[in-house]
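Going by UniProt numbering, the sequence shown opens with residue 1, and the numbers climb by one from there.
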Amino acid sequence: MSILVNQQQFHLTNGKISYVFHVLKNAQLGHLYFGKALRPDRDYTHFEKYHNPTPASCHTYEDDPAFSLETIRQEYPVYGKGDFREPAILMSQEQKSVANFVYKSHDILEGKPPISGLPATYAASSEAETVLIVLEDVYSGVELHLSYTIFANEAVIARNSRVVNKSTTALSVERMMSLSIDLPDAEMDLLHLSGTWSRERHVKTRPLEQGIQSISSIRGASSHHHNPFLALKAKDATEHTGEVFGFQFVYSGNFLAQTEVDHYGVARVQLGIHPIGFEWNLAPGEAFQSPEAVMVYSGEGLNGMSQTFHQLYRNQLIREQWKTAERPVLINNWEATYFDFNEEKLIHFAKEAKELGVELFVLDDGWFGKRNDDRTSLGDWFVDREKLPAGIASLASKVKQAGLKFGLWFEPEMISVDSDLYREHPEWAVGVPEENYTLGRNQRVLDYTNPIVVDTIFERMRAIIQETDLDYIKWDMNRNITEAYSAGLDHQGEFFHRYILGVYDLYERLTSEFPNVLFESCAGGGGRFDPALLYYAPQAWASDDTDAVERLKIQYGTSMAYPIYSIGSHVSAVPNHQTLRSTPLSLRADVAYFGTFGYELDPSSLSNEEKEIVKEQIRRYKSFRPLVRDGSFIRLQSPFEGNETAWMIVSSDQKEAIVGWYKASSTPNPRTNQVLKLKGLHHDLAYQVESRTYYGDELMQNGLPLPIEFNGANEAFAERGGDFQSKVFYLKALY
């Protein structure tokens, strides 16, 4: 790992990747290369090419008409100096709206400096190196700081930007990307993760064309609809071969991720806070810091990209406390009871769950205020004594006495109009006073731009955590932001960013004071499943849709950028509450194994036979839980491309693996010799799979035999056929 500087050329390399940029002749920054590692001792200035014929272009030098920013690949482009593509930054100052940021200085640092007030990847001095470039607008004195970090062990570059108003007049920042890069070749496909509530993060792929293709959110959250992630892959790239560039925004609010293909086939990728609704005002001496963006290079297809993201987030984003901690098998009462419960019912529920092998009981919505439906009491974080007359501490104590950990559901960012808090402080709700407002799930949003609001919620949550000796919090957020206005702000263009900074502030205070409390983020399911929240909450509820068939797509798509051990995946009751589909208990568990395992059902509703099955499921999951946490996840067959899905996890020493195979619909007269070709095993190791032994090479080249499906003729030899087939194989090296 090193950052090499040679005559104002900067080369970041760690033997896996190289990232090269330099100072152009006009003193702005030009991009030269990002990809597989290059020789560290070379000058790559010859990668710069600006000899395209540009008779209609505006050029910088009278004696060099080819030098036009319209056709030069850049690091952080501005508008108004000849480049008519979308800029990375827009700002205005008095009557001036054109900036010209030129190189001023640089500094190389060991490790990775933290970003104040924002979640970000982190690294010790031996794990990363950072170069900080200082650019200056010579006309105003405003500085732009660009930070680049390369990690020792991952094919990743982390970037962020910071503008410092060193002028004597106020400055307005209207657009500020965290990352901008001009890739030389647009002959690629764009892959992103999109959907909506209950079908989040479906994989979408489309070819790049001239023009702008973008994904975004202006909902105040990263959203169910578009994840702050995109990848550009070579036309011939597959899951396991070919070049892929992955990009992700470490942020939970409004975002823009886009690729602009220009008239010469250059692909400009940018990630940052969405400019719509954003305007940040800086007095002299003030600064604005962008969130972090990370970029990954893979020469081994989409799986290679995903495994790099997984390793980065497991090692350099999730907090130390939760990197190696085993996440407990939990049971949540929501789908079993909804709002209808009392202490007696919950204690019986918990005791039955304990007998099955469950480790954590989570009490969901309805334990506070007068919360008998979703129209009341959000903000009143005091126990409902009608449901729990002995109090929440009594319930927690009895659950712990039964041998389980205890968790609670909160929705701390919301307020009900029918609540004591709203009656006392209506001005704490987001929106213009005296104007009509919209509701989402019968609730409004608390103004987290107001520090007093954040302080109040912190004190109530802290009291509940201390009172119950809480082990787990499910932090929900069930609506997006409308009427984005705060009476306490002078500049409403700062609202959305200040709001999410308030969310991060509450998370930071709670996780710092209570480091042993496991947080799981949730936003109506997967509406805020983003890297930033993994910094505070090492697991996230992937979707409110717990149907096993739908979860194949949701979890497959989520794995493109997120580690499997961050995915909340549970077995729920049937018929499923979202799709009304009834699937076998075996399929539901076989899908949920590949995540943080748990249950969403009433254990007393299970038959004795089903209880024994659940006991075995939990025992089995616990046996390979460390592998789910630490192993390399490999996608084998996509649910978006056929009727079958397959994936696997392999240990770092290649001596252990689990394989999941799923078939959603039955096939008439099916093949009887079907196999699944595996990946990532050691060619020369012998693996025991159930009662058979196979070598790694034959499992990868010939394949693992799959169950023989009953077709009416081979009943004596067949396993269960029909719809909703699944099988999880455990592989253990013998020698």
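From the three backbone atoms N, C-alpha and C, an ideal C-beta is built for every residue, glycine too. Fair warning: this is a prediction, and the values are worked out from it, not measured in the lab.
Check this for me: beta carbons of Leu146 and Ile133, under 7 Å apart or not?
It is a contact, given that the beta carbons lie within the stated cut-off.
Below 7 Å between beta carbons: does that hold for Asp364 and Asn333?
Taking 7 Å as the cut-off, the Cβ atoms of Asp364 and Asn333 count as close.
With distances taken Cα to Cα, identify the nearest neighbour of Gly265 among Gly211, Lys235 and Leu282.
Out of Gly211, Lys235 and Leu282, Gly211 has the C-alpha closest to the C-alpha of Gly265.
Please list, in chain order, all residues of the same chain as Asp384 whose beta carbon is under 7 Å from its beta carbon, the five residues on each side excluded.
Setting aside the 5 residues that flank it on each side, Asp384 is surrounded in the same chain by Trp367, Phe368, Gly369, Lys370 and Arg371, each with a C-beta closer than 7 Å to its C-beta; the list follows chain order.
How would you call Gly642, buried or exposed, if buried means at least 16 neighbouring beta carbons within 10 angstroms?
With fewer than 16 other beta carbons inside 10 angstroms of its own, Gly642 counts as exposed.
Smallest Cα separation from Glu451: which of Tyr694, Arg462 and Gly488?
The sequence shown places Pro at residue 451, not Glu. The shortest C-alpha to C-alpha distance from Pro451 to any of Tyr694, Arg462 and Gly488 is the one to Gly488.
Can the beta-carbon of Ala128 be found less than 7 Å from the beta-carbon of Thr149?
Pairing Ala128 with Thr149 gives a Cβ-Cβ distance under 7 Å.
With a 10 Å radius around its C-beta and 16 neighbouring C-beta atoms as the bar for buried, classify residue 738 as buried or exposed.
With the chain represented from 1 up to 735, any question about residue 738 goes unanswered, as that position is not in the structure.
Out of Asp697, Leu395 and Ala287, state which residue places its alpha-carbon closest to the alpha-carbon of Glu344.
Here the closest residue by C-alpha is Leu395.
Quick check on Ser512: buried or exposed, where buried means 16 or more other Cβ atoms within 10 Å of its Cβ?
Under this definition Ser512 is an exposed residue.
Residues near Ser604 by beta carbon distance below 6 Å, same chain, minus five either side:
Cβ neighbours of Ser604 beyond the five flanking positions: Glu352.
For Gln28, count neighbouring Cβ atoms within 10 angstroms of its own Cβ and tell me buried if that reaches 16, exposed if not.
Residue environment for Gln28: buried (at least 16 other C-beta atoms within 10 angstroms of its C-beta).
Quick one, are the C-beta atoms of Leu232 and Leu179 less than 7 Å apart?
Taking the C-beta atoms as reference points, Leu179 is found no nearer than 7 Å to Leu232.
Sort out for me which residues DSSP pairs Gly35 with in a bridge.
According to DSSP, which records beta bridges pairwise, Gly35 is partnered with Ser18.
Distance between beta carbons of Val102 and Leu12, contact taken as under 8 Å:
Wrong, their Cβ atoms sit about 21 Å apart, outside the cutoff.
Could you please give me the residues that DSSP links to Ile108 through a beta bridge?
According to DSSP, which records beta bridges pairwise, Ile108 is partnered with Val131.
Simplified DSSP assignment, three categories, for Ser604
For Ser604, the secondary structure class from DSSP, reduced to helix, strand or coil, is helix.
Could you pull out every residue in the same chain whose Cβ sits closer than 7 Å to the Cβ of Arg625, ignoring the five residues on either side in sequence?
Sequence-distant Cβ neighbours of Arg625 in its own chain, meaning closer than 7 Å and more than five residues away, are Glu326.
Pull the bridge partners of Arg206 from the DSSP assignment, please.
Beta-bridge pairing links Arg206 to Leu190.
Hey, could you find the ends of the beta strand (DSSP E) Trp647 is sitting in?
Bounds of the beta strand (DSSP E) holding Trp647 are Glu644 to Val650.
Kindly list the residues whose CB is nearer than 7 Å to the CB of Asn480, restricted to its own chain and excluding five residues on each side of it in sequence; keep chain order.
Arg219, Gly220, Ala221 and Gly440, listed in sequence order.
If you draw a straight line from the alpha carbon of Leu408 to that of Tyr19, how long is it in whole angstroms?
The alpha-carbon atoms of Leu408 and Tyr19 are separated by roughly 45 Å.
Beta-carbon contacts of Tyr694 that lie in its chain and below 8 Å, excluding the five residues immediately before and after
If we look at Tyr694 and ignore the five residues flanking it on each side, its Cβ neighbours are Ala686, Tyr687 and Leu704.
Taking the CB atoms as reference points, tell me whether Arg159 and Ala293 lie closer together than 7 Å.
A Cβ-Cβ contact shorter than 7 Å links Arg159 with Ala293.
CB Arg201 to CB Leu193, shorter than 7 Å?
Yes. Within cutoff.
Using alpha carbons as the reference points, say which of Glu698, Glu690, Gly660 and Phe724 lies closest to Thr667.
Scanning Glu698, Glu690, Gly660 and Phe724 for the CA closest to the CA of Thr667 turns up Phe724.
Give me, in chain order, the residues of the same chain whose beta-carbon lies closer than 8 Å to that of Thr558; leave out the 5 immediate sequence neighbours on both sides.
Excluding residues within five positions, the ones whose Cβ falls inside 8 Å are Leu193, Glu200, Arg201, Gly526, Phe529, Ala542 and Ile567.
Is the segment 271-291 in contact with the segment 507-524, if contact means three or more CB pairs nearer than 8 Å?
Cβ pair count under 8 Å is below three, so no.
For Gln539, write down the residues that DSSP places opposite it in a beta bridge.
Gln539 has Glu520 as its beta-bridge partners, per DSSP.
Which of the three DSSP states is assigned to Arg199 in this structure?
In the structure shown, Arg199 sits in a strand (DSSP, three-state: E or B).
What residue range does the beta strand (DSSP E) around Ile3 cover?
According to the DSSP assignment, Ile3 belongs to the beta strand (DSSP E) that extends over Ser2 to Asn6.
Hey, how far is the Cα of Asp653 from the Cα of Lys679?
Asp653 and Lys679 have their C-alpha atoms roughly 14 Å apart.
Do His577 and Glu335 have their CB atoms nearer than 7 Å?
Taking the C-beta atoms as reference points, Glu335 is found nearer than 7 Å to His577.
For Ala716, collect the residues of the same chain with a Cβ closer than 6 Å to its Cβ; drop the 5 residues on either side in sequence, then sort them by chain order.
Low confidence applies here, because Ala716 scores a pLDDT of 43, under 50, leaving its location unreliable; read the following figure in that light. When the five nearest sequence neighbours on each side are left out, no beta carbon in the same chain lies closer than 6 Å to the beta carbon of Ala716.
Assuming Ser298 and Glu174 form a contact by the criterion Cβ under 8 Å, report the distance between their Cβ atoms to the nearest whole angstrom.
Going by Cβ atoms, the distance from Ser298 to Glu174 rounds to 34 Å, so no, they are not a contact pair.
Sheet register partners of His145 (DSSP bridge):
For His145, which the question treats as bridged, DSSP gives the partners Val134 and Arg162.
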